[in-house]
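Data block below; observations after.
There are 2 protein chains.
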Amino acid sequence: MAKSVTISVDALGGDHAPQVVLEGCAAALSQDPSLSVILCGPAEVVEPFAASHERCTAQVTTEVITMGEHPAQAVRKKKNSSLVVGCRLVKEGQAQGFFSAGSTGACLAAATLVIGRIKGVKRPCLTTVVPSPVRPVVMCDVGANADCKPEYLVQFARMGAIYAEKVIGLSDPQVALLNIGEEEEKGSEFAQACHALLREKEPNFVGNAEGRDILEANFDVFVTDGFTGNVALKTIEGTAGVLLKTIKGILGSSLKTKIGALCIKDGLMELKGTVSADTYGGAPLLGVKGACIVGHGSSNPTAIKNGILTSARIVREDVVGMISQAVSAQADKAGE
Amino acid sequence: MAKSVTISVDALGGDHAPQVVLEGCAAALSQDPSLSVILCGPAEVVEPFAASHERCTAQVTTEVITMGEHPAQAVRKKKNSSLVVGCRLVKEGQAQGFFSAGSTGACLAAATLVIGRIKGVKRPCLTTVVPSPVRPVVMCDVGANADCKPEYLVQFARMGAIYAEKVIGLSDPQVALLNIGEEEEKGSEFAQACHALLREKEPNFVGNAEGRDILEANFDVFVTDGFTGNVALKTIEGTAGVLLKTIKGILGSSLKTKIGALCIKDGLMELKGTVSADTYGGAPLLGVKGACIVGHGSSNPTAIKNGILTSARIVREDVVGMISQAVSAQADKAGE
Chain X
87 MAKSVTISVD ALGGDHAPQV VLEGCAAALS QDPSLSVILC GPAEVVEPFA
137 ASHERCTAQV TTEVITMGEH PAQAVRKKKN SSLVVGCRLV KEGQAQGFFS
187 AGSTGACLAA ATLVIGRIKG VKRPCLTTVV PSPVRPVVMC DVGANADCKP
237 EYLVQFARMG AIYAEKVIGL SDPQVALLNI GEEEEKGSEF AQACHALLRE
287 KEPNFVGNAE GRDILEANFD VFVTDGFTGN VALKTIEGTA GVLLKTIKGI
337 LGSSLKTKIG ALCIKDGLME LKGTVSADTY GGAPLLGVKG ACIVGHGSSN
387 PTAIKNGILT SARIVREDVV GMISQAVSAQ ADKAGE
Chain G
87 MAKSVTISVD ALGGDHAPQV VLEGCAAALS QDPSLSVILC GPAEVVEPFA
137 ASHERCTAQV TTEVITMGEH PAQAVRKKKN SSLVVGCRLV KEGQAQGFFS
187 AGSTGACLAA ATLVIGRIKG VKRPCLTTVV PSPVRPVVMC DVGANADCKP
237 EYLVQFARMG AIYAEKVIGL SDPQVALLNI GEEEEKGSEF AQACHALLRE
287 KEPNFVGNAE GRDILEANFD VFVTDGFTGN VALKTIEGTA GVLLKTIKGI
337 LGSSLKTKIG ALCIKDGLME LKGTVSADTY GGAPLLGVKG ACIVGHGSSN
387 PTAIKNGILT SARIVREDVV GMISQAVSAQ ADKAGE
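The listed protein sequences derive, respectively, from chains X and G.
Going by this note's numbering, the first sequence wraps up at 422, each residue one higher than the last.
Going by this note's numbering, the second sequence wraps up at 422, each residue one higher than the last.
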């Protein structure tokens, strides 16, 4: 039997909350018998759900953080929001992980301000599993830190490698720096400085990657600053979205193509499932003292379920403990 | 009858040179009766071709710049290479434009060092037409300048807007900054500074774009630094390539899907044509004193033909003159 894990869940996070969150919670609880959930939200949402589901506790909150609010200000002000309370439960040890499909900015602010960073971690990084049809690969940072220093990327690389190995199952992952040429001297001054420091400090570092290597899955972990990573991730989403939509248009354009569509429907649905972000249910914020996952605002119940289960997996694999050790080891090596 | 234009062409540029270059030249000369070509390369390549094609002159060169060489060093050293000579013909006024599908780095170095910048242009920018299935859009810089200052991006924006309007036919183009959020305060410190300066100086600036806006063609011109732009462009290429390859695999996986493939073949071929980089045949380097186009190393004859024709179009639309005027006007406005 798997180790018991408690995850706090923000019932109000996401474009279709609370309904999809409740459905996702129910599915996660049903799939993982060692999972408990503390559901944070308004009494009328969380109490009936907790009453009708085993291993679910209601945590009533009274405030709501909306998409338009300034993240850090909202987190500081609305201490009784589902987001802040969910994180506080992790801080206090009542839960080991937290899941929300709410505003990314507010989630990052709450996780960082309320739960706090692992000792020695300079900046937590938002990490994503890119759903390549070739195989899943990890990319970090994808948006937590628009401005970075090379030493942050060294930590992102180690955290990403631990996540890739323990949670995604990519053993001895190859870590590459997202850059604009293969050769060591390529790229911006920042990229060159990152390359040199990664070469020195990251044992799994293999060199530079380019944009096309991401979906081709030519490496296991793509490390980058949060600006470049966010642009790359959204570019992948946009490109895949437009191409699949265009193909859908082609398939529906005539009787002949409609017949063709029937013949290849299963394969295309499978592809659509593969390149969907739902499989892992969200992006973990690595480097905070808990298994925090930020779900996509458009999450469906499957994505919510998988986000909660991934959070539980991060706890069971002790990713926080491993990051803590790795960061201490890097600091010792650097004589810090 | 269109205005007479002479373009110098590097017979040795590209993975499949000289054969595809010769085929592309022949096709361009045949399609555009007002076009002349000066073909630069070894005597045994360029002389027979010029002898058998009207409006083509042979320019014999004796040196070769290879992919592995340091771009600027190679350009300085090999003054009798097809690349350097091709650019010198533009500098000397014998040609108005230059096309090569050789090493991007060497082409940029040759164009900048030999032809030179338009007065007032701080940095030339490599500009690409992103072949979105929705409609073509322009992105710049896609790799000439890994490190930029905000004032460079203001010039990139103006040059990209002129190109979008005059060469691609997007009237009154909407210019957006590639960033990681729509709101003005989003992004790195650099992106925020660019946003503020573009807001002040670029009349067609409409705000921030995100990665997914590129292939969705939500704006006409995406302006960015050469690092981010290069990552985004290669990410699009990689994503489109992997998805189309995966779909090809699905179509060939069983008898049923093979029947489906037959029914939708025409539509898919059309899509493949649309998202192909061949249509515009390469990336213009805007800001130098000539219509320089850098073709993809993997260019086929169609891409070479279109690259040469696009170069001629840049000349006929007087893009260099318009950039020169625009840059002077920006400088006057700034009291420089």
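Even glycine gets a Cβ: it sits at the ideal position worked out from N, Cα and C.
What residue does the beta strand (DSSP E) around residue i start on, and which one ends it?
| i | result |
| --- | --- |
| Gly191/X | No beta strand (DSSP E) contains Gly191/X, which is instead part of the alpha helix (DSSP H) from 190 to 196. |
| Cys211/X | 211 to 216 |
| Val292/X | 291 to 295 |
| Leu175/G | That residue, Leu175/G, is in no beta strand (DSSP E); its alpha helix (DSSP H) goes 168 to 177. |
| Cys226/G | 223 to 226 |
| Val220/G | Here Val220/G belongs to no beta strand (DSSP E), and DSSP marks it neither H nor E. |
| Phe185/X | 183 to 186 |
Counting only beta-carbon separations shorter than 8 Å, does residue i have a partner in chain G?
| i | result |
| --- | --- |
| Asn316/X | yes |
| Glu109/X | no |
| Arg244/X | no |
| Ser362/X | no |
| Asp306/X | no |
| Leu354/X | yes |
| Asp233/X | yes |
| Leu357/X | yes |
Answer with yes or no whether the minimum CB distance from residue i to chain X is below 8 Å.
| i | result |
| --- | --- |
| Pro157/G | no |
| Ser384/G | no |
| Thr321/G | yes |
| Ala144/G | no |
| Gly346/G | yes |
| Asp299/G | yes |
| Glu296/G | yes |
| Ile505/G | There is simply no residue 505/G to check, as chain G begins at 87 and stops at 422 in what is shown. |
| Leu337/G | yes |
| Asp404/G | no |
| Ala247/G | no |
If we ignore side chains and look at the alpha-carbon of each, how far apart do residue i and residue j end up?
| i | j | result |
| --- | --- | --- |
| Thr332/G | Pro219/X | 7 Å |
| Asp258/G | Gly246/G | 12 Å |
| Glu133/X | Ala113/X | 18 Å |
| Leu121/X | Ala88/X | 9 Å |
| Asp233/G | Phe276/G | 11 Å |
| Ala279/G | Tyr249/G | 24 Å |
| Ser362/X | Ser385/X | 11 Å |
| Cys111/G | Pro104/G | 10 Å |
| Glu178/X | Thr365/X | 30 Å |
| Gly383/X | His102/X | 8 Å |
| Val307/G | Ala295/G | 10 Å |
| Leu341/G | Leu329/G | 21 Å |
| Pro236/X | Gln159/X | 28 Å |
| Asp311/G | Glu271/X | 18 Å |
| Val146/X | Ile93/X | 15 Å |
Since residue i meets chain X, which of its residues come closer than 7 Å, beta carbon to beta carbon?
| i | result |
| --- | --- |
| Lys342/G | Cys349 |
| Gly229/G | Ile266 |
Kindly indicate the opening and closing residues of the alpha helix (DSSP H) around residue i.
| i | result |
| --- | --- |
| Val380/G | Val380/G -> not in any alpha helix (DSSP H); beta strand (DSSP E) instead, spanning 377 to 380. |
| Asn392/X | 387 to 402 |
| Leu256/X | Leu256/X -> no alpha helix (DSSP H), and no H or E assigned at all. |
| Leu283/X | 275 to 287 |
| Ala412/X | 405 to 419 |
| Ser362/X | Looking at the DSSP string, Ser362/X is not in any alpha helix (DSSP H), and its letter there is neither H nor E. |
Starting from the beta carbon of residue i, find every residue of chain X whose beta carbon is closer than 9 Å, and list them in chain order.
| i | result |
| --- | --- |
| Leu175/G | Correct list: empty, because the minimum Cβ distance to chain X is about 29 Å. |
| Phe313/G | Asn265, Ile266, Gly273, Ser274, Phe276, Ala277, Thr314 |
Run through chain G and tell me which residues come within less than 8 Å of residue i, C-beta to C-beta.
| i | result |
| --- | --- |
| Pro219/X | Val328, Leu329, Thr332 |
List the residues of chain X that residue i touches, going by C-beta distances under 8 Å, in chain order.
| i | result |
| --- | --- |
| Glu302/G | Gly324, Gly327, Val328 |
Residue i versus chain G: which residues are under 7 Å apart at the beta carbon?
| i | result |
| --- | --- |
| Asp96/X | Chain G residues near Asp96/X: none, gap ~21 Å exceeds 7 Å. |
| Leu194/X | Per Cβ cutoff of 7 Å: no residues; Leu194/X is ~13 Å from chain G at best. |
Return yes when the C-beta of residue i is under 7 Å from any heavy atom of the ligand FMN, and no when it is not.
| i | result |
| --- | --- |
| Gly110/X | What this structure holds is no ligand at all, so the ligand FMN is not there to describe. |
Taking the runs of the alpha helix (DSSP H) that are 4 residues or longer, which of them lie wholly in the segment 308 to 343 of chain X? 312 to 337
What are the uninterrupted segments assigned as beta strand (DSSP E) that are 3 or more residues long and contained completely in the segment 89 to 158 of chain G, given in chain order? As far as the segment 89 to 158 of chain G is concerned, its whole beta strand (DSSP E) runs of at least 3 residues are 91 to 96, 121 to 127, 142 to 146.
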